[in-house]
Amino acid sequence: MPIKIPSDLPALDVLLQENIFAMDSNRAASQNIRPLEVGILNLMPNKIETEIQILRLLSNTPIQINVDLIRIDETTPKNTPKSHMDAFYHEFSEVSDKNYDGWIVTGAPLGLLEYEDVKYWDKMTELLDWAQENVQSTIFLCWAAHAAMYHFYGVQRQLRANKLSGVFEHDVVQANDELMRGFDPHFWAPHSRVGEILLEDYEKVPGLKVLAQSDVAGTYISATDDRRLVFVTGHPEYDPNTLALEYERDVEAGLEPVVPSNYFTNNDPSQEPIVRWKSHGSLLLTNWLNYYVYQNTPYDLSTLRRREC
Numbered sequence: 142m143p144i145k146i147p148s149d150l151p152a153l154d155v156l157l158q159e160n161i162f163a164m165d166s167n168r169a170a171s172q173n174i175r176p177l178e179v180g181i182l183n184l185m186p187n188k189i190e191t192e193i194q195i196l197r198l199l200s201n202t203p204i205q206i207n208v209d210l211i212r213i214d215e216t217t218p219k220n221t222p223k224s225h226m227d228a229f230y231h232e233f234s235e236v237s238d239k240n241y242d243g244w245i246v247t248g249a250p251l252g253l254l255e256y257e258d259v260k261y262w263d264k265m266t267e268l269l270d271w272a273q274e275n276v277q278s279t280i281f282l283c284w285a286a287h288a289a290m291y292h293f294y295g296v297q298r299q300l301r302a303n304k305l306s307g308v309f310e311h312d313v314v315q316a317n318d319e320l321m322r323g324f325d326p327h328f329w330a331p332h333s334r335v336g337e338i339l340l341e342d343y344e345k346v347p348g349l350k351v352l353a354q355s356d357v358a359g360t361y362i363s364a365t366d367d368r369r370l371v372f373v374t375g376h377p378e379y380d381p382n383t384l385a386l387e388y389e390r391d392v393e394a395g396l397e398p399v400v401p402s403n404y405f406t407n408n409d410p411s412q413e414p415i416v417r418w419k420s421h422g423s424l425l426l427t428n429w430l431n432y433y434v435y436q437n438t439p440y441d442l443s444t445l446r447r448r449e450c
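Per our numbering, the very first residue in the sequence shown carries number 142; after that it's consecutive.
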């Protein structure tokens with residue numbers, strides 16, 4: 142089954158051109174099944190690019206999904222037209238009385254700010270607390286993973302001396318966990334961040350287990366025993382050229398960035414990227430939807446119970 146997205150959302154045309162199975166809302170209405178309800182809290186400045194990346198991963202599942210795009214506040218991002226936000230995004234107040242099978246919270250370019258200095262931090266914590274009662278399972282990406290660890294467990298990230306940028310090899314730590322089902326023992330995944338939480342800080346949290354990690358990039362995937370919270374410190378959703386575009390942007394800004402590791406052919410920014418993470422990203426989201434969401438969520442979402450930290 143495909144994801145169901147609005148008929149005129151730009152992402153739909155892109156996904157169909159890539160031969161990815163997606164249906165518009167008109168066709169989905171004719172199918173008499175109970176689809177999963179998934180919300181995407183998109184914190185990235187370029188909303189459209191991030192929508193396409195995440196919807197591409199969600200589409201690779203046999204389960205039909207209804208998707209709500211959600212904005213953190215009324216501010217119009219500089220890289221996304223206001224008309225797009227008004228047409229396709231929900232204010233939190235519009236969905237706060239709804240229950241969801243799954244939520245995805247994206248990263249955000251806020252790694253150098255203290256959490257309390259983020260302009261929407263109060264709203265962010267309100268949404269995180271709301272999700273404890275209204276969402277079966279939430280997956281946090283990059284900055285959102287660190288922010289959620291801080292909010293729920295008081296675990297503070299450290300700032301790295303240099304930005305971690307590139308594609309890194311990871312080891313599966315908990316091969317028997319269903320989120321890791323089908324993973325090779327070693328796999329590659331992109332990272333782009335300045336923050337890091339030490340392995341020992343994850344291990345101190347009761348009921349939290351590390352599922353995959355890297356000698357260079359540190360802890361990559363961790364999850365609570367009840368499967369309600371999943372923390373992913375990298376970017377499995379990234380396009381082949383995303384790290385290249387970030388690198389070029391930082392070069393033009395005079396930031397003298399390091400060349401993303403294990404990414405460009407021969408580590409030469411003038412050559413093509415080596416893409417070796419797309420299958421892992423697709424499998425990660427498919428496993429999450431199937432084992433952490435679909436196999437655990439109640440048929441009647443109104444009976445969803447609050448998660449206790």
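Glycine is no exception: its CB is placed at the ideal position from the N, C-alpha and C atoms. Remember, it's a predicted structure, so these values are computed and weren't measured experimentally.
- Annotation for residue 322: no alpha helix (DSSP H) segment contains it, and DSSP assigns it neither H nor E.
- Between residue 418 and residue 329, the alpha-carbon positions lie close to 5 Å from each other.
- If only uninterrupted alpha helix (DSSP H) runs of at least 4 residues are considered, those enclosed by the stretch 342 to 425 are 383 to 393.
- Between the beta-carbon of residue 346 and that of residue 294 there is about 5 Å, and that keeps the pair under the 8 Å contact cut.
- Per DSSP, residue 431 lies in no alpha helix (DSSP H) segment and is marked neither H nor E.
- Close CB contacts of residue 299 within its chain, under the 6 Å cut and outside five residues either way in sequence, are with 337 (chain order).
- If you look at residue 264, you'll find it in the alpha helix (DSSP H) that goes 262 to 275.
- Leaving aside the five residues that flank residue 284 on each side, the residues in its chain whose CB is nearer than 8 Å to its CB run, in chain order, 184, 248, 249, 250, 251, 252, 334, 336.
- Of all C-beta pairs linking the stretch 346 to 360 to the stretch 264 to 279, fewer than three are shorter than 8 Å, placing the two stretches out of contact.
- Between the C-alpha atoms of residue 240 and residue 177 there is a straight-line separation of about 11 Å.
- According to DSSP, residue pairing for residue 312 in a beta bridge involves 327, 354.
- Rounded to whole angstroms, the gap between the alpha carbons of residue 274 and residue 403 is 41 Å.
- Burial state of residue 297 is exposed, judged by a 10 Å Cβ sphere holding fewer than 16 other Cβ atoms.
- One Cα belongs to residue 222, the other to residue 186, and the distance between them is close to 11 Å.
- In this model, residue 332 and residue 303 are separated by some 13 Å (Cα to Cα).
- Residue pairing from DSSP places residue 280 in a beta bridge opposite 245, 371.
- By the neighbour-count definition (other C-beta atoms within 10 Å, threshold 16), residue 447 is an exposed residue.
- Straight-line spacing of the CA atoms in residue 259 and residue 363 works out to 24 Å.
- Shortest Cα-Cα distance from residue 327 to any of 152, 226, 421 involves 421.
- Annotated three-state conformation of residue 178 is strand, per DSSP.
- Taking residue 340 as the centre and dropping the five residues before and after it, the same chain places the C-beta of 351, 354, 359, 360 closer than 8 Å to its C-beta, in chain order.
- In this structure, residue 399 sits away from residue 410, with a CB-CB distance that is not shorter than 7 Å.
- If the five residues before and after residue 380 are omitted, its C-beta is found closer than 7 Å to the C-beta atoms of 194, all from its own chain and listed in chain order.
- Annotation for residue 197: the continuous alpha helix (DSSP H) segment containing it runs 188 to 199.
- Using a Cβ-Cβ distance cut-off of 8 Å, the stretch 420 to 438 and the stretch 207 to 227 are not in contact, since fewer than three pairs of beta carbons, one from each stretch, lie closer than that value.
- Excluding its 5 nearest sequence neighbours in each direction, residue 256 has C-beta neighbours in its own chain below 7 Å: 262, 288, 291, listed in chain order.
- The continuous alpha helix (DSSP H) containing residue 235 extends over residues 233 to 236.
- Around residue 349, the same chain offers 343, 363, 365 as residues with beta carbons nearer than 7 Å, after the five sequence neighbours per side are excluded.
- Residue range 206 to 212 is occupied by the beta strand (DSSP E) that includes residue 209.
- If you draw a straight line from the Cα of residue 321 to the Cα of residue 228, it comes to about 37 Å.
- The Cβ-Cβ distance between residue 243 and residue 278 falls below 7 Å.
- In the DSSP assignment, the residues bridged to residue 334 are 305.
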